[in-house]
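Undergrad: The structure's right below; bear with me while I get my questions together.
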């Protein structure tokens, strides 16, 4: 299946442009969130290099950002680039659990490949990659059991409808969970 980032742009903008005055746009080297600068302007979620996975990840961050954070550049979060210290990496991994869990659910809904990312290739690597994977898996399972944040839930359903994954989502989810977390049994991750 071809995954065209223009489809994500169309779906996201159709769903959120009017009510949230936010648009998804293709960007360059780095992803970025820019709040609206004028009362009638639009906030922009800019994803890197036109990559489909980057768009899903940046949408995930937006979906959990509260109203105040959506008024701040990059939601007011710090970002240390690749090459982080152990302490910086621990903070990064803690902050990335929820967005990566949502990104993973979006990816499965779109039949796209997801990769857990510790994003520290030139540094010391992951602080604890196994724990990070378990935490992302647990958070994604919790979202499936108890519900996603509202905007994430809306986009998740839109992806499932667009990509036709409503009927077999649970089967694909269980397969993907076993791929990323082979030590998890299928019964640990099944959804209703």
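Numbering (our numbering), first residue to last: 72 to 263.
Cβ atoms here follow ideal geometry from the backbone N, Cα and C, with glycine treated the same way.
Answer yes or no: do residue 107 and residue 113 have a C-beta to C-beta separation smaller than 8 Å?
TA: Yes, they are a contact pair.
Undergrad: Determine the direct distance from the alpha carbon of residue 96 to that of residue 133, and round the result to whole angstroms.
TA: Rounded to the nearest angstrom, the two C-alpha atoms are 13 Å apart.
Undergrad: Using the C-alpha atoms, what's the distance from residue 88 back to residue 208?
TA: Using only the alpha carbons, I get a separation of about 30 Å.
Undergrad: Tell me the DSSP secondary structure of residue 187 in three-state form.
TA: DSSP places residue 187 in coil when its eight states are reduced to three.
Undergrad: Would you tell me roughly how many angstroms separate the C-alpha atoms of residue 130 and residue 147, rounded to the nearest one?
TA: Roughly 16 Å separates the two Cα atoms.
Undergrad: Would you say the region 206 to 220 touches the region 170 to 187, given that touching needs at least three Cβ pairs under 8 Å?
TA: These segments touch.
Undergrad: Which ranges does the beta strand (DSSP E) cover as unbroken runs of at least 3 residues, wholly within the region 228 to 255, from first to last along the chain?
TA: None, since the region 228 to 255 contains no complete beta strand (DSSP E) of that length.
Undergrad: Beta strand (DSSP E) containing residue 97: first to last residue?
TA: Where residue 97 is concerned, the enclosing beta strand (DSSP E) stretches over 93 to 97.
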